[in-house]
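All remarks here apply to the structure that follows.
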Amino acid sequence: MGKDERYDIIVIGGGHNGTTIAAYLAKCGLSVCMLEERPECGGAQENTEPIAGVRISPHAIANYAGASPGWEQLELWKYGFRMDLHARHPEYRGTPTGFMTGEGMYTVSEKDALGWAKIAGFLGQPPFTTELIRAAFFCPPHPPEVELTADNIPFMQVYKQHQPDVYTEELLRMTMFDLMDEYIEGEPFKAVMAYVALVSGAHGHFEGQAIPALAAVVTVEPPYIPRPVGPRGNIHGFYHALLRCALAHGATVRTCCPVDEIIINDGTAVGVRLRDNAARGPKRIYANKAVISATDIRQTFLQLVGPQHLDAGFMQRIKDLSLKGGSLYVTHWLTRHQLKFRPAYASAMAGEGVFTGGPFIGGAGTRREYFNHVAEVMGWKGRPRVPANEGCFLWVGNENYDLTHPQCTRPGQQICGPFDTMVATPEYDPEGPENLNKIKDEINAYNLELASCVCENLDPDNIITTFVNTPYDSEFRNTGLLGGSWYGVRPSRDEWWNERPLPELARMRTPIDGLYLCHQSSAHPGGLCLMACGYNLMHILIEDGIAEPGDWWYASPWYIPQQGKKSAKRP
Numbered sequence: 001m002g003k004d005e006r007y008d009i010i011v012i013g014g015g016h017n018g019t020t021i022a023a024y025l026a027k028c029g030l031s032v033c034m035l036e037e038r039p040e041c042g043g044a045q046e047n048t049e050p051i052a053g054v055r056i057s058p059h060a061i062a063n064y065a066g067a068s069p070g071w072e073q074l075e076l077w078k079y080g081f082r083m084d085l086h087a088r089h090p091e092y093r094g095t096p097t098g099f100m101t102g103e104g105m106y107t108v109s110e111k112d113a114l115g116w117a118k119i120a121g122f123l124g125q126p127p128f129t130t131e132l133i134r135a136a137f138f139c140p141p142h143p144p145e146v147e148l149t150a151d152n153i154p155f156m157q158v159y160k161q162h163q164p165d166v167y168t169e170e171l172l173r174m175t176m177f178d179l180m181d182e183y184i185e186g187e188p189f190k191a192v193m194a195y196v197a198l199v200s201g202a203h204g205h206f207e208g209q210a211i212p213a214l215a216a217v218v219t220v221e222p223p224y225i226p227r228p229v230g231p232r233g234n235i236h237g238f239y240h241a242l243l244r245c246a247l248a249h250g251a252t253v254r255t256c257c258p259v260d261e262i263i264i265n266d267g268t269a270v271g272v273r274l275r276d277n278a279a280r281g282p283k284r285i286y287a288n289k290a291v292i293s294a295t296d297i298r299q300t301f302l303q304l305v306g307p308q309h310l311d312a313g314f315m316q317r318i319k320d321l322s323l324k325g326g327s328l329y330v331t332h333w334l335t336r337h338q339l340k341f342r343p344a345y346a347s348a349m350a351g352e353g354v355f356t357g358g359p360f361i362g363g364a365g366t367r368r369e370y371f372n373h374v375a376e377v378m379g380w381k382g383r384p385r386v387p388a389n390e391g392c393f394l395w396v397g398n399e400n401y402d403l404t405h406p407q408c409t410r411p412g413q414q415i416c417g418p419f420d421t422m423v424a425t426p427e428y429d430p431e432g433p434e435n436l437n438k439i440k441d442e443i444n445a446y447n448l449e450l451a452s453c454v455c456e457n458l459d460p461d462n463i464i465t466t467f468v469n470t471p472y473d474s475e476f477r478n479t480g481l482l483g484g485s486w487y488g489v490r491p492s493r494d495e496w497w498n499e500r501p502l503p504e505l506a507r508m509r510t511p512i513d514g515l516y517l518c519h520q521s522s523a524h525p526g527g528l529c530l531m532a533c534g535y536n537l538m539h540i541l542i543e544d545g546i547a548e549p550g551d552w553w554y555a556s557p558w559y560i561p562q563q564g565k566k567s568a569k570r571p
């Protein structure tokens, strides 16, 4: 029997959030052990080959990390990260000139373009888009003793400094639609951007979330990035660079090592106990400084900590956290021939004969269609009732990728996807949590009809096979994806920043000393903003004397240290 292991830090969960904080802490010179239940790390940053020669993205695909300080601080280019800066077709490298609706293309007007550029920071002197995104996502919540006002909320400070004619305290009460109504004229433009927000973070209709919703869209849309997909090797290629960084700085990674219990001694987390079926022999691993849970919020407290260590009222509030942010139903089609836009969309999207996919709002492309979609996902929560030609989707066509980065190498075949549609989180389905898995054929037929609104040759003669991930399929593959949700808990104002996931947990500390949170469901800003949760947690670990980074570290300029704690800002 081997001896129990001991490290400075134990990280539970080898997804991208766990790996980010592992890389940061290992670079600080701490001994770090990261434990992952699955045979491989990466979480939702996963690419798979369902059959040989076909690569799909069943979860994450887009690079939402453009503004992350982690690029500089972790120096990911040293560990193999490479970016495709240009799409395959030169005419698709700029800002789209229109958006797809059920009635054809909506052409972006000059007022639309300038209005969007203004609120997104592109017209600043100099442009301040990166500062705006960092203010929204890459800053830990202020200490509880600090009263939030327009003078200290980060994104408000950015507008006040760089674009004072946009600044107004009304921003704190606006929805994204309210904000766009002030600067943009085209209803389809507003509806499409709100839909991209809906599947990216704070929803377009959430009161008080106008700027977080805007920032999520700006992060993943041209012109801030050349196109939504970018990393060589897909999103898992990005993860490889992150993991290599952690390993290069000395982190230890244990796969096939599910954690059964966080060991708590006199109110302090001191280590973990692995499940009996863990691949590692010694089942107890101890932490000198901290245990960090990079798995979902419910599993952390309800299973790994347990009711014997926590107040019953607190446990009930964890159980009551809303998962009504929605989930994704992910489809890829393997076809014999390259897909083609219908004539009404072809030349306006990317040029004749080019299929890039894109966002789509059915019907007239207005907020009416947007809200019908929201009502179906958040209200009805069951099988589709909105006609397919009035539905919504996000579609990543294979011709977004460079010719040197093919997604299918099978001769005479093409893979196109993901084709993402939003569905209810399974546990809220009125026909039961397994309903979507039972009616896959019905949903697949609906999505085929929806996709055919813009694609002219997605027919049985062309389709070889279809690969589908329901929300529960996603959760089965990645246990940290609660209900298949990339955000974990709803990103509304009452579960955002200083309230995420609960006010007393917002700064990622817990009622258990030495136990910290770093997961999309438990830390600001949640999913998609790559490296944000780890960067934000670093401020708290520095305050608590756990991490002491070198000259490479810089804190958020909007960060406020807690009274009596060490500041994370460099002297």
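Mapping of the sequence shown onto the working numbering: residues 1 to 571, in sequence order. Just so you know, even glycine gets a beta-carbon here, dropped at the ideal spot from N, CA and C.
Do you know how far the Cα of residue j is from the Cα of residue i?
i	j	result
Y79	Y239	10 angstroms
V272	I285	5 angstroms
Y92	A346	Low confidence applies here, because Y92 scores a pLDDT of 48, under 50, leaving its location unreliable and the question unanswered by this model.
R232	V146	43 angstroms
G115	A241	37 angstroms
E72	G102	42 angstroms
K565	I262	26 angstroms
G94	A136	Interpretation of G94 is limited by its pLDDT of 47, a score under 50 that renders its predicted location unreliable; no figure is taken from the coordinates.
P501	C33	26 angstroms
D112	E369	20 angstroms
P282	E5	7 angstroms
N498	S522	11 angstroms
D420	K3	48 angstroms
H249	I133	28 angstroms
D276	E37	12 angstroms
W395	D165	36 angstroms
N579	S452	Because residue 579 is not part of the residues shown, which for the chain are 1 to 571, the question remains open.
A269	V218	39 angstroms
H524	T470	26 angstroms
V305	T404	48 angstroms
P126	Y401	31 angstroms
A150	P557	16 angstroms
G483	P571	44 angstroms
N457	D260	50 angstroms
L310	S492	26 angstroms
N265	D513	10 angstroms
F509	A251	Per the sequence presented here, residue 509 reads as Arg, with Phe not at that position. So the alpha carbons of these two residues sit roughly 22 angstroms apart.
Opposite residue i in the DSSP bridges: which residues?
i	result
W333	C416 and T466
F360	M100 and F393
P231	M83
I262	V272
T421	Y329
F341	C455
In terms of alpha-carbon separation, which member of the options lies closest to residue i?
i	options	result
P572	E376, V196 and F128	Any property of residue 572 remains undetermined from this structure, which presents the chain solely from 1 to 571.
Y64	A215, F301 and Y516	A215
T425	R490, G363 and D544	R490
A364	G186, P126 and R298	G186
P387	T331, A210 and L450	L450
A445	H524, Y329, R493 and M538	Y329
R212	N17, K381, I235 and R173	Inspection of the sequence shows that residue 212 is occupied by Pro rather than by Arg. Selected option, being the one with the closest Cα: R173.
I51	L76, Q407 and P188	Q407
E75	K27, N47, I56 and A44	K27
Y195	C392, C416, G397 and P418	C392
R594	P418, T335, K440 and Y428	Since the displayed the chain opens at 1 and closes at 571, residue 594 lies outside it and no answer follows.
S57	C416, G534, L537 and P460	C416
V413	K381, T465 and V423	Contrary to the premise, residue 413 reads as Gln rather than Val in this sequence. Comparing Cα positions, the closest option is T465.
F355	K160, R383, T48 and Q338	Q338
Check for me: the beta strand (DSSP E) holding residue i runs from which residue to which?
i	result
K8	It should be noted that the sequence gives Asp, not Lys, for residue 8. Segment E5 to I12, the beta strand (DSSP E) holding D8.
G534	Looking at the DSSP string, G534 is not in any beta strand (DSSP E); the run it does join, the alpha helix (DSSP H), is A532 to E543.
G271	T268 to L274
S293	R284 to S293
D459	Here D459 belongs to no beta strand (DSSP E), and DSSP marks it neither H nor E.
C245	It is not in any beta strand (DSSP E) - C245 instead sits in the alpha helix (DSSP H) that spans N234 to A248.
V166	Per DSSP, V166 belongs to no beta strand (DSSP E) and is neither H nor E.
Y24	It is not in any beta strand (DSSP E) - Y24 instead sits in the alpha helix (DSSP H) that spans H16 to K27.
I153	Taken as a continuous stretch (DSSP letters only), I153 belongs to no beta strand (DSSP E), as it is neither H nor E.
Between which two residues does the alpha helix (DSSP H) carrying residue i extend?
i	result
D402	Segment: none, D402 is in no alpha helix (DSSP H) and carries neither H nor E.
T252	Premise fails: T252 lies in the beta strand (DSSP E), T252 to R254, not in any alpha helix (DSSP H).
E472	One detail in the question is off: residue 472 reads as Tyr in this sequence, not Glu. It spans P471 to R477 - the alpha helix (DSSP H) in which Y472 sits, taken as one unbroken run.
L515	Not the alpha helix (DSSP H): L515 falls in the beta strand (DSSP E), residues L515 to L517.
H373	R367 to V374
K111	E110 to I119
What are the start and end residues of each continuous alpha helix (DSSP H) run of 4 or more residues lying completely inside the region 32 to 93, in chain order?
70 to 73
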